[in-house]
Structure formats: C-alpha cells, structure tokens
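Going by this note's numbering, the first residue of the sequence shown is number 219, and it counts up by one from there.
The structure appears right after this line, and notes come after that.
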Amino acid sequence: MTATLLGNIKGPKGDDGNGIASITQFSTSTNNSTGVTTTTYQITYTEAGKSPAYFEVLSGATGAQGIQGPKGDDGEGFSIAQTYATIAAMNADAENVEEGEFVLIASASGAEDEDNAKLYVKGASSFTFLTDLSGAQGIQGVGVSTITAGTTSGTAGNGQTRTYNVNLTNNTVGGQITVQDGVKGDTGNGISAITGPVSNGLVDTYTITYTNGGSDTFTVTNGATGQTGATGQTGQTGPQGLTPQLTLDENGNLYVEYVQSIS
Numbered sequence: 219m220t221a222t223l224l225g226n227i228k229g230p231k232g233d234d235g236n237g238i239a240s241i242t243q244f245s246t247s248t249n250n251s252t253g254v255t256t257t258t259y260q261i262t263y264t265e266a267g268k269s270p271a272y273f274e275v276l277s278g279a280t281g282a283q284g285i286q287g288p289k290g291d292d293g294e295g296f297s298i299a300q301t302y303a304t305i306a307a308m309n310a311d312a313e314n315v316e317e318g319e320f321v322l323i324a325s326a327s328g329a330e331d332e333d334n335a336k337l338y339v340k341g342a343s344s345f346t347f348l349t350d351l352s353g354a355q356g357i358q359g360v361g362v363s364t365i366t367a368g369t370t371s372g373t374a375g376n377g378q379t380r381t382y383n384v385n386l387t388n389n390t391v392g393g394q395i396t397v398q399d400g401v402k403g404d405t406g407n408g409i410s411a412i413t414g415p416v417s418n419g420l421v422d423t424y425t426i427t428y429t430n431g432g433s434d435t436f437t438v439t440n441g442a443t444g445q446t447g448a449t450g451q452t453g454q455t456g457p458q459g460l461t462p463q464l465t466l467d468e469n470g471n472l473y474v475e476y477v478q479s480i481s
C-alpha cells in the first residue's frame, strides 16, 4: 500500500529565549539602628542589550546568644602510638594499631626521605595521611667563600699592619681582619769570647767577654795533688817467648822462623 503526502505540519523556528548569564553581588549595606543588612544582587541576561535586573536579600541582626550547653566529656590527649621507619612497615603492622591512634614515620635517613615526619591516623582497617610534621626548609645561610689580602702599611717585621677581606658566598664582603706585626726588639747581648785560665794556686780564673763590650769572670778550683800510692805487687811470670831466627837461601830470599828458646 502506498503512503500519500498530505503536507508539512512543522511550524517556523521561534526566537531565541532570553536566559540568565550570571548573578553577582552588586552592593551591601547595614542599618545600624535595626541591624538589618541589605545585599543587592545583579542579574545579567544572555540577550545583548537587555538591561540587568536586581533583587535584594535582607539579613536580620544576630540574635542573642543561647544558653550554654553542658560540658562534654574530656577528650583523649594527643600522643603518637607507634613510629615506623617506612610506610610499608606501618601498613604491615596495621592489625596491632587501634582505630583512632596516631603513628609517625621516623626514617633513618631523616630529612633526605620525603616520607619522614608524616603523620597518619588508623581507621577501621587502614591508615589515613593527616599532615607532614617536618618543618619548612630554612633560608640558606651565608658562608665564607675566600679570604683575600687587602691593604698593607708600615715596615715589614717592625709593626707592619696588613688587612684581609672576608668574602662571603653571596658575593659581598662580610668584614676585614687586621694583623699587625710586633715591633722589632733591641739587639740581644751575646757572648763573643771566653778566655783563660789565669791560674793562682789551685784556682783558675776565666773571663767572659760579651758582644756589648761588657765582661764577667768565673773561677774553677782544682783539687790538690794526691799522695803517691803504694808500690803494687810483682806480677806472675808470663809464658816463655819465641825467638826469631833469620835464614837466607841461595836465591837471596830472607826467611824468619820463631822458635822456643831453650832455657
């Protein structure tokens, strides 16, 4: 069976509707006598050229404070129930931590470990991260980079003054160090010669002459000559000696031979 077209019953497209683009706070004011605050809001439409509309919201003054309720039960104080070297060690020990208890990661590597000082709370079956208790990194300090020579004045070795600049790592001069040599002292008095002795009996006198022209003397008393000792006993007769005998052969060779003397 063939369908027969009767006509198009679709009407023409209507005009675009006028929607709201935004609602923003426009102004606010408070009546000091009543305490009522009036806040005005602006409605901006999507249709170009359409003037915005406004509406107001009134807020009443704050009411009187209600009656204070009864004091609640004392809460539990904050404490760290366990500390762990790693997060893995914490999770492995979860069954030994009560729900609501706090645990802390205390890594052996300290601040070098990004998990160090992280605080967790035990839930019904697992831990929840709360915060990182490690302090913020401090501002980098300024150190000494080099010490360089500055000015010099005076005579070397006799009160000379030298300054040195203390250069810091932030490319500034942190100060100066002043070093002063001691003043050269007077020439010392040494010994130029020791002469003598000049003897007077058992006493010998020596003279010390100094480099500044002065002199001193000192004496040495010798001991007196002792008495002659007694004559010692005659020693034992030693073994008989050998007598050399010389011979000359026909070729002119001279020989020596030691033979025992016959008593």
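Built from N, CA and C at the ideal position, the CB exists for glycine as well.
Judged by DSSP in its simplified three-state form, Ile365 adopts strand. A direct Cα-to-Cα measurement between Met308 and Tyr338 gives close to 9 angstroms. Judged by beta-carbon spacing, Thr423 lies within the 8 angstroms limit of Val416, meaning their Cβ atoms are closer than that value. Under the three-state reduction of DSSP output, Asn471 falls in the coil class, being neither helix nor strand. Take the alpha-carbon of Phe273 and the one of Ile238: they are about 14 angstroms apart. Bridge partners of Lys340 according to DSSP: Phe345.
By the Cβ neighbour-count rule, Lys340 is buried, with 16 or more other Cβ atoms within 10 Å of its own. In the DSSP assignment, Asn418 falls within the beta strand (DSSP E) that extends over Ile409 to Asn418. About 50 angstroms separates the beta carbons of Val275 and Ala299, which is beyond the 8 angstroms limit, so they are not a contact pair. C-alpha of Ser327 to C-alpha of Glu316: approximately 27 angstroms in a straight line. Counting only the Cα atoms, Asn383 lies some 8 angstroms from Thr364. Within the stretch 266-341, the complete alpha helix (DSSP H) segments of 4 residues or longer fall at 305-310, listed in chain order. Taking the C-beta atoms as reference points, Val397 is found no nearer than 8 angstroms to Gly377. Judged by DSSP secondary structure, Val391 falls within the beta strand (DSSP E) whose first and last residues are Val391 to Gln398. Residues Asn407 of the same chain have their beta carbon placed closer than 7 angstroms to that of Asn430, with the five preceding and five following residues left out of the count. Ranked by how close their Cα comes to the Cα of Glu330, the residues Gly359, Tyr473 and Thr304 have Thr304 in first place. Gly377 has Thr373 as its beta-bridge partners, per DSSP.
Contact annotation, Thr248 with Gln260: C-beta distance approximately 19 angstroms; criterion of less than 8 angstroms not satisfied. Taking C-beta separations shorter than 8 angstroms and ignoring five residues to either side along the sequence, the partners of Ser433 in its chain run Thr425, Ile426 and Thr427, following chain order. Shown here for Ser352: same chain residues with a beta carbon closer than 7 angstroms to its own, the five before and five after excluded, namely Ala329, Asn334 and Ala335 in chain order. Under the DSSP definition of a beta bridge, Thr437 partners with Thr423. In the DSSP annotation of this structure, the continuous segment of the beta strand (DSSP E) that includes Leu464 starts and ends at Leu460 to Leu466. Within its own chain, the residues whose Cβ lies closer than 6 angstroms to the Cβ of Val474, once the five positions on either side in sequence are excluded, are Pro462 and Leu464, listed in chain order. Non-local beta-carbon contacts of Val360 in its own chain, meaning distances under 6 angstroms to residues more than five positions away in sequence, involve Leu386, Thr387 and Asn388 in chain order. By alpha-carbon distance to Thr301, the top candidate from Ala312, Gly403 and Glu294 is Ala312.
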